[in-house]
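To keep things clear, I will list the structure first and then write my remarks on it.
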Amino acid sequence: AHLIDVARVIGRAQVEVFDGVRAGLIIQGFEVPHAHVHVFPASGPEDFDMTRTTDRSPEDLAADAELLRAALAPR
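Sequential numbering of the sequence shown, starting at 259, is according to the numbering used here.
And the structure:
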């Protein structure tokens, strides 16, 4: 339950920062006993295709991280 609660908080921040419609959530765990939680802004089912990626510069990623930190900061 806690894992999903944290994913929900992160998803809301992503929707706010990236103007998403809603948050997508994929939970994976294959080779070793653990889980990966992928949380991402989504507009529809096509956004769940993990092969659709974009190359982002380290500077762009750092700027996105700063926006997410601000959205996640206590208010």
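Even glycine gets a Cβ: it sits at the ideal position worked out from N, Cα and C.
Self-check item: DSSP bridge partner residues for Val297 (one or two, in chain order)
Solution: Leu283
Quiz item: Would Ala259 pass as a contact of Gly278 if the rule is Cβ separation under 8 Å?
Solution: no
Quiz item: What residues in its chain sit with their C-beta under 7 Å from that of Leu261, if we drop five residues either side in the sequence?
Solution: Val295
Exercise. Give the secondary structure of Glu317 by DSSP, where H, G and I count as helix, E and B as strand, and everything else as coil.
Key: helix
Quiz prompt | CA-to-CA distance, Gly269 to Ile285, given in whole angstroms | solution = 13 Å
Exercise. In the DSSP assignment, find the alpha helix (DSSP H) that holds Glu289 and state where it starts and stops.
Key: Neither: Glu289 is in no alpha helix (DSSP H) and is coded neither H nor E.
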